[in-house]
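Those letters in the sequence shown? Residues 7 to 210, by my numbering.
Idealized CB from N, CA, C, for every residue including glycine.
All values derive from a computational prediction rather than experimental measurement.
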Amino acid sequence: PTQRLPLPPERLGVDLLLCVDISSSMAATDLGDAEPRLAAARRFAASFGQGRPADRLGCVRFARFADLICPPTLDHAAFATLLERLQLVPADGPEDATGIGAALALAAEVLQRSTSKSKVIVLLTDGEENLATTASPQEIAPLHAAQWCKQLGVRVHTVVVGKGSPQPDGSFLPLDLTTVQQVSATTGGRCYTAPDTATLAAVQ
């Protein structure tokens, strides 16, 4: 007779949630190789996960609404499959907005249930919060979500993808990065800007 006993993992990693922006502006192809921002962000997220075999990885997608599509898991193949299925919301549709605060709040809620000693959110976006405004005080502001993350011991790293906000004439209006920089600083994380694929690939 034999008995199977589960062994603990050789090394306990962190619980890490990637929040990926799927608003329509992520269709812009300004990274230098005619590849949409979302495709580049998916590739970055997959590569980011491959280098962390001991970490539990999960994913939240967001535009106007935030959805947990993959809870933190050691099944990195499932994580990669669900990541590859991310699609943009329709341009100018009812879901086409950028709710960074809502995404961070959902990720924080998920990580609140984690027993891991280290909890991290990686925010991948190309825009500014345009859902939580003075006209909609019922929405969750990014800095309020960041304060909650800090209370929970969750660090938020931000990666801003692209050159800025696309304009009708083909130019790009630089983003105001103050809010996302404050989000990362509040939680002890870092904020990166990636205007091209080479810079994005260099983010660790």
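For Val-211, list the residues DSSP reports as bridge partners.
Any property of residue 211 remains undetermined from this structure, which presents the chain solely from 7 to 210.
Among Ala-103, Gln-173, Arg-119, Val-116, the one whose alpha carbon lies nearest that of Thr-139:
Ranking the options by Cα distance to Thr-139, first place goes to Ala-103.
Beta-carbon contacts of Phe-71 that lie in its chain and below 8 Å, excluding the five residues immediately before and after
Excluding positions up to five away in sequence, the list reads Glu-101, Gly-105, Ala-108.
Below 6 Å CB to CB, which residues in the same chain sit around Pro-148 once its five sequence neighbours on both sides are set aside?
Here the set comprises Ile-106, Gly-107, Glu-135, Thr-185, Val-189.
Could you give the distance in angstroms between the alpha-carbon of Leu-129 and the alpha-carbon of Arg-196?
Going by the C-alpha atoms only, they are around 10 Å apart.
If you run the structure through DSSP and keep just helix, strand and coil, what is Thr-205?
Three-state result, Thr-205: helix.
When Thr-35, Ala-47, Asp-36 are compared against Asp-27, the one with the closest alpha-carbon:
Looking at Thr-35, Ala-47, Asp-36, the one whose alpha-carbon comes closest to that of Asp-27 is Ala-47.
Cβ neighbours of Ile-146 in the same chain (closer than 7 Å, five flanking residues each side left out)
Non-local beta-carbon contacts of Ile-146 in its own chain, meaning distances under 7 Å to residues more than five positions away in sequence, involve Gly-107, Ala-108, Ala-111, Ala-138 in chain order.
DSSP on Thr-184, reduced to helix/strand/coil?
Thr-184: helix per DSSP, three-state reduction.
Where the beta strand (DSSP E) through Gly-107 begins and ends
Segment 106-118 is the alpha helix (DSSP H) holding Gly-107; no beta strand (DSSP E) there.
Simplified DSSP state of Phe-71, which is helix, strand or coil:
In this structure, Phe-71 counts as coil in the three-state DSSP scheme.
How is the alpha helix (DSSP H) around Thr-87 delimited, first residue to last?
Unbroken alpha helix (DSSP H) run through Thr-87: 82-90.
Should Asp-182 go down as buried or exposed, given a rule of 16 or more other Cβ atoms within 10 Å for buried?
Exposed, since its Cβ has fewer than 16 Cβ neighbours within 10 Å.
Whole-angstrom distance between Thr-199 and Arg-119, CA atom to CA atom
So the alpha carbons of these two residues sit roughly 30 Å apart.
Nearest candidate by alpha-carbon position, reference Ala-69, set Gly-99, Pro-78, Lys-125:
Nearest option by C-alpha distance: Gly-99.
To the nearest angstrom, how far is the alpha carbon of Asp-81 from that of Arg-10?
Cα-Cα distance, rounded: 21 Å.
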